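Just so you know, the protein sequences line up as chains A and B, in that order. Under the working numbering, the residue at position 109 of the first sequence is numbered 161, and the numbers go up by one with no gaps. Under the working numbering, the residue at position 121 of the second sequence is numbered 807, and the numbers go up by one with no gaps.
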Amino acid sequence: MLFGIVFVKAEIISWYRIQEMFRLHSFHMYGVIGTAVGVGMLSVWLIKKFKIKTMQGETVVFHKRQFHWGNVIGGFLFGLGWAITGACPGPLFAQIGSGFLVVIVTLLSAVAGTWLYGLLQNKLPH
Amino acid sequence: MLEIIQKPWPWYVAGVLIGLTVPALLLLGNKHFGISSAFRHICAACIPANISFFKYDWKRERWNLFFVGGVLLGGLVATQFLNNPNPIQVSEKTAHALQALHITTDNELMPASIFSFENLFSLKGLVFFVLGGFLVGFGTRYAGGCTSGHSIMGLSTLQWPSLVATCCFMAGGFVMVHLVFPWLMRVL
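Put into structure tokens, the structure is as follows:
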């Protein structure tokens, strides 16, 4: 929930902020993502360095990602969608919460897109 | 205090809070930050249709659905109780560029000329909601993650495929805004 509040309060869910980002007219989104990556990197490094366990006492596991062409093709397609809708998946939910109920249609369409990927997975180049 | 909260939050506050989600989820029980997976779990739970990609125990990933539910609620709380009384500030250059495309900057977070129910059954609605959403859902799953899974979680754990994916997200966005958009807004 805190996450949704951050999304709205820092206007990350705003369609205008995404437009500004892709027009290089504002530093805001680059600052948000850059700081988030920096903090994330530092905390992952600390977890590894001091072998910090989870609350259940388990070792934290990291999965290695394998490169596949979907990273490129799918990534590009998502980029197109990001610029149109002004939202990546997280902010999509926050936009709905903010009262832009028409975004429910976008969400349903995103679920449909994921479903179609599942259907075609074996036929797509990876 | 409330006044400070009501103002739009600066990027470093948001960045730190979002970044802290990575260790928070890991330490809460080896959960890997990634939001687009929620779409997959919704498919697996509601419309698995015997597709192998959706045949797994989605209930074990329930936290992810609670997480996006929380994001939705957070959006509601922030808008209802902590709302910024001032109109949104859009950079002058972007406002001008959008004006040229006949998109006026109003006071809300989203332009009402696009994101309203009246547009739902028009060509505009089809592009902005249906096609846009479809590209987000299909693209993120094909890419194996979105801004959270690849750009934040993936880069935090120094995975080079995530860097490739992030660059492609940006490339797609630039192509859309600079090449497709001007043409699209003329047609719609």
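All residues carry an ideal CB built from backbone N, CA and C; glycine is no exception. Since this is a predicted model, take the numbers as computed values, not measurements.
On a Cα-Cα basis, can you pick out the residue from the options that is closest to residue i?
i, options, result
"Gly122 (chain A)", "B:Phe824, B:His788, B:Val866, B:Met839", "B:Phe824"
"Ala781 (chain B)", "A:Gly133, A:Gln71, A:Gly165", "A:Gln71"
"Phe867 (chain B)", "A:Val113, A:Phe74, A:His115", "A:Phe74"
"Leu787 (chain B)", "B:Val873, B:Gly818, B:Ala700", "B:Val873"
"Leu821 (chain B)", "A:Ile64, A:His178, A:Leu160", "A:Leu160"
"Met53 (chain A)", "B:Ala735, B:Ala700, B:Ala764", "B:Ala764"
"Phe79 (chain A)", "B:Ser722, B:Ser799, B:Tyr698, B:Leu870", "B:Tyr698"
"His864 (chain B)", "A:Ser66, A:Ile64, A:Leu76", "A:Leu76"
"Ile728 (chain B)", "A:Ala162, A:Lys175, A:His178, A:Pro177", "A:Ala162"
Tell me which residue opens and which closes the alpha helix (DSSP H) that residue i is part of.
i, result
"Asn750 (chain B)", "748–767"
"Trp695 (chain B)", "Where Trp695 (chain B) is concerned, there is no enclosing alpha helix (DSSP H), given that its DSSP letter is neither H nor E."
"His782 (chain B)", "778–786"
"Lys101 (chain A)", "80–101"
"Cys729 (chain B)", "723–732"
"Pro847 (chain B)", "846–861"
"Val873 (chain B)", "867–873"
"Met796 (chain B)", "First-last for Met796 (chain B): undefined, no H or E at that position."
"Arg69 (chain A)", "67–74"
"Pro143 (chain A)", "141–149"
"Ala829 (chain B)", "818–829"
Suppose the cutoff is 7 angstroms on Cβ atoms and the five residues either side in sequence are ignored; what does the same chain contact list for residue i look like?
i, result
"Lys717 (chain B)", "Leu711, Trp749"
"Gly149 (chain A)", "Gly56"
"Ile65 (chain A)", "Phe59, Ala139, Pro143, Ala146, Gln147, Ser150"
"Ser722 (chain B)", "Thr826, Arg827, Gly831, Cys832, Gly835"
At 7 angstroms on the CB atoms, spell out the chain B contacts of residue i, in chain order.
i, result
"Gly109 (chain A)", "The premise fails here: Gly109 (chain A) is roughly 10 angstroms from chain B at the closest Cβ pair, so nothing lies under 7 angstroms."
"Phe55 (chain A)", "Thr707, Gly756, Val757, Gly760"
Run through chain A and tell me which residues come within less than 8 angstroms of residue i, C-beta to C-beta.
i, result
"Gln845 (chain B)", "Lys116, Arg117"
"Leu827 (chain B)", "Note on identity: in this sequence residue 827 (chain B) is Arg, with Leu being the wrong assignment. Ordered by position in chain A, the residues that pass the 8 angstroms Cβ test against Arg827 (chain B) are Gly126, Gly165, Thr166, Tyr169, Gly170."
"Ser839 (chain B)", "Checking the sequence shown, residue 839 (chain B) turns out to be Met, not Ser. In chain order: Gly92."
"Phe807 (chain B)", "What Phe807 (chain B) touches in chain A: nothing, since even the nearest Cβ is about 10 angstroms away."
Excluding the five sequence neighbours on either side, which residues of its own chain have a C-beta within less than 8 angstroms of the C-beta of residue i, listed in chain order?
i, result
"Val708 (chain B)", "Phe719, Ile838, Met839, Ser842"
"Leu98 (chain A)", "Ile104"
"Ile789 (chain B)", "Pro797, Ser799, Ile800, Met871"
"Gln775 (chain B)", "Pro694"
So which residues of chain A does residue i contact, with C-beta pairs closer than 7 angstroms?
i, result
"Asn716 (chain B)", "Thr106, Glu110, Val112, Val113"
"Val850 (chain B)", "Phe119, Asn123, Val124"
"Ala783 (chain B)", "Arg75"
"Ala857 (chain B)", "Phe128, Gly131"
"Ala731 (chain B)", "Ordered by position in chain A, no residue passes the 7 angstroms Cβ test against Ala731 (chain B), which lies about 10 angstroms from the chain."
For the ligand NAP, any of its heavy atoms closer than 7 angstroms to the Cβ of residue i?
i, result
"Pro771 (chain B)", "This structure lacks the ligand NAP; in fact it carries no ligand of any kind."
List the residues of chain A that residue i touches, going by C-beta distances under 9 angstroms, in chain order.
i, result
"Met862 (chain B)", "Phe74, Gly131, Leu132, Gly133, Trp134, Ala135, Ile136"
"Ala764 (chain B)", "Gly56, Ile57, Val58, Phe59, Val60, Lys61, Ala146, Gly149, Ser150"
"Lys745 (chain B)", "In chain order: nothing, as chain A lies at least about 18 angstroms away."
Got a sec? Which residues, its chain only, sit under 6 angstroms from residue i by beta carbon, not counting five neighbours each side?
i, result
"Gly165 (chain A)", "none"
Exercise. Is there contact here, the segment 768–782 of chain B with the segment 689–704 of chain B, by at least three beta-carbon pairs under 8 angstroms?
Worked result: yes
Exercise. Hey, is the segment 821–838 of chain B in contact with the segment 117–134 of chain A, meaning 3+ C-beta pairs nearer than 8 angstroms?
Worked result: yes
Exercise. Is the segment 777–793 of chain B close to the segment 129–144 of chain A, with three or more CB pairs under 8 angstroms?
Worked result: no
Exercise. Does the segment 155–175 of chain A come close enough to the segment 734–752 of chain B to have 3 or more Cβ pairs within less than 8 angstroms?
Worked result: yes
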